[in-house]
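Below is one structure; the comments refer to it alone.
Protein chains: 2
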Amino acid sequence: MSIEVGERKVYVLRIGHRPERDKRVTTHVGLVARAFGADGVVIGDVIDEKVVSKIKGICEKWGRKSFYVISGVNSMKYARKWKDRGGIIVHLTMYGLHIDDVIDYIRRDPRDILVVVGASKVPRFFYDIADFNVAIGHQPHSEVAALAIFLDRLFEGRELHFIFSDAKICIEPSPKGKKVTMCDRKGEGQEYQ
Amino acid sequence: MSIEVGERKVYVLRIGHRPERDKRVTTHVGLVARAFGADGVVIGDVIDEKVVSKIKGICEKWGRKSFYVISGVNSMKYARKWKDRGGIIVHLTMYGLHIDDVIDYIRRDPRDILVVVGASKVPRFFYDIADFNVAIGHQPHSEVAALAIFLDRLFEGRELHFIFSDAKICIEPSPKGKKVTMCDRKGEGQEYQ
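Residue numbers (the working numbering), protein chains in the order written: chain A, 1 to 193; chain B, 194 to 386.
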């Protein structure tokens, strides 16, 4: 349960993961966290090495080997520790305040952010401990979509241009084809790490 | 295989669905399509009544009973028919052109849009028939996230404020709690249908 200290970190805590049915959705949560600029994903309460290994495999190939991935961490303890260390907690829930009404406050706050994304039933604890319960619209949809939109608003769209300097392979944008190249680390865009 | 004619329609075609492992991801694709302002979701090539029924159940309760949901439609025939009827096709793929470079053209085009989202292997056919192969960044992540960001950019964030006039229940935004009310259809925001 390591939480790095440094410039502002954004970690994602995925709660309520059920290995038998959530493998793909939780993997998508992890991959969105990585691709959209978060620093790590923590899968709470259950161990799922398959999901961890899938996400780490993507980091190995596409870059961000320092992206933090772990499963089986006690969610409530982790959230409490995050707060004790001075971080804030943003819980994504359709019942919360609309993202458009709170994102500017969250973006300006320099503290580390733990973004909590749940499955269907989220314990009361997380509504209470969260500094912000944030709704990505007030309709039922998807924790994967909610996380993507939250990080996209947080980073103001810049995350879709991040270049990961330790990537082994890269994509050359193409109108029709699939062009994958060995990375020369010379791509345009913001170098992320 | 009905395609309604009228003002600009946005439909989502989900290809490569495997009922045994994609049930939740495809359900999320359908719910994102509904919540983010698309007009329907078509699950290609395989019948999955469970997923269809889950999405329809959400429409029944949260509104948009006219949202079109079907499974088992031949994907390639559907795409060809869409084009024959004058619509355009946008295929979301990490290999395509960056969304920031093409979204303005797509938004200004008045024609109906079929947004194609695939699983891991997408037949060459869809790269070729697409008017735009669009990358939501060039990193591997999630078709659910890709669809959400695409629709969010297309509707310029307005979709997160849509009010569905036939909703039975609505959420009252809350900083800590869960407030669900019977809809009085008086909410703020744009009335969507």
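The C-beta atom is built at its ideal place from N, Cα and C for all residues, glycine as well.
The structure presented is a predicted model; accordingly, all values stated were derived computationally and were not measured.
* Asked: Cα separation between A/D101 and A/K54?
  -> Counted from its first residue, the first sequence places residue 101 of chain A at position 101. Counted from its first residue, the first sequence places residue 54 of chain A at position 54. Taking the straight line joining both Cα atoms gives about 35 Å.
* Exposed or buried, A/G96, counting other C-beta atoms within 10 Å across all chains shown (16 or more means buried)? -> Locating residue 96 of chain A in the first sequence gives position 96, counting from the first residue. By the Cβ neighbour-count rule, A/G96 is buried, with 16 or more other Cβ atoms within 10 Å of its own.
* **B/G250 burial status per 10 Å Cβ neighbour count (16 or more: buried)** => In the second sequence, residue 250 of chain B corresponds to position 57, counting from 1. Classification for B/G250: exposed.
* Within 8 Å, strictly: CB atoms of A/V117 and A/R8 -> Along the first sequence, read from residue 1 onward, the residue named residue 117 of chain A stands at position 117. Along the first sequence, read from residue 1 onward, the residue named residue 8 of chain A stands at position 8. No, these two residues do not count as a Cβ contact at 8 Å.
* **Below-8 Å beta-carbon distance, A/I169 vs any chain B residue** => Working through the first sequence from its first residue, we reach residue 169 of chain A at position 169. For A/I169, the answer is no, since every Cβ of chain B falls outside 8 Å of its Cβ.
* Using a Cβ cut-off of 7 Å, pull out every chain B residue sitting near A/R21, in sequence order please. => The residue labelled residue 21 of chain A in the question sits at position 21 within the first sequence. Per Cβ cutoff of 7 Å: R217.
* **Proximity test, Cβ basis, 8 Å: A/G137 and chain B** => Translated into positions along the first sequence, residue 137 of chain A becomes position 137. So, interface residue.
* For B/D277, which option in B/E352, B/Y298, B/R304, B/H291 has the closest C-alpha, if you only look at C-alpha atoms? -> Residue mapping note: residue 277 of chain B aligns to position 84 of the second sequence, counting from 1. Here the closest residue by C-alpha is B/R304.
* Asked: Measuring CA to CA, which of B/G237, B/L224, B/V203, B/V205 is closest to B/P212?
  -> As a working mapping, residue 212 of chain B is identified with position 19 in the second sequence. Per the Cα distances, B/G237.
* Asked: Which class does A/R14 belong to by DSSP, given the choice of helix, strand or coil?
  -> What you label residue 14 of chain A is simply residue 14 of the first sequence in a count that begins at 1. The answer is strand: DSSP assigns A/R14 an E or B state.
* Please compile the residues from chain B whose C-beta is within a distance smaller than 8 Å of the C-beta of A/I99. => In the first sequence, the residue the question calls residue 99 of chain A occupies position 99. The answer, in chain order, is L353.
* To do: Can you grab the Cα-Cα spacing for the pair B/V244 / B/G233, in whole Å?
  => Numbered from its first residue, the second sequence carries residue 244 of chain B at position 51. Numbered from its first residue, the second sequence carries residue 233 of chain B at position 40. Rounded to whole angstroms, B/V244 to B/G233 spans 14 Å at the Cα level.
* For B/I329, three-class secondary structure by DSSP -> In the second sequence, residue 329 of chain B corresponds to position 136, counting from 1. Coil.
* Helix, strand or coil at B/C376 according to DSSP, with G and I counted as helix -> In the second sequence, the residue the question calls residue 376 of chain B occupies position 183. Correct three-state label for B/C376: coil.
* Under the three-state reduction of DSSP, which class applies to A/H28: helix, strand or coil? -> Numbered from 1 along the first sequence, position 28 holds the residue referred to as residue 28 of chain A. Three-state result, A/H28: helix.
* Asked: Along chain A, in chain order, which residues have C-beta atoms closer than 7 Å to that of B/S335?
  -> For this step, residue 335 of chain B is matched to residue 142 along the second sequence. Correct list: H28, L31, V32, V144.
* To do: Flag B/S246 as yes if its beta-carbon sits less than 8 Å from any beta-carbon of chain A, otherwise no.
  => Residue mapping note: residue 246 of chain B aligns to position 53 of the second sequence, counting from 1. For B/S246, the answer is no, since every Cβ of chain A falls outside 8 Å of its Cβ.
* Asked: What are the boundary residues of the alpha helix (DSSP H) that includes B/L353?
  -> Translated into positions along the second sequence, residue 353 of chain B becomes position 160. Careful: B/L353 lies outside any alpha helix (DSSP H) and carries neither H nor E.
* **Neighbouring residues, chain A, relative to B/R275 (Cβ below 9 Å)** => Residue mapping note: residue 275 of chain B aligns to position 82 of the second sequence, counting from 1. It should be noted that the sequence gives Trp, not Arg, for residue 275 of chain B. What B/W275 touches in chain A: nothing, since even the nearest Cβ is about 18 Å away.
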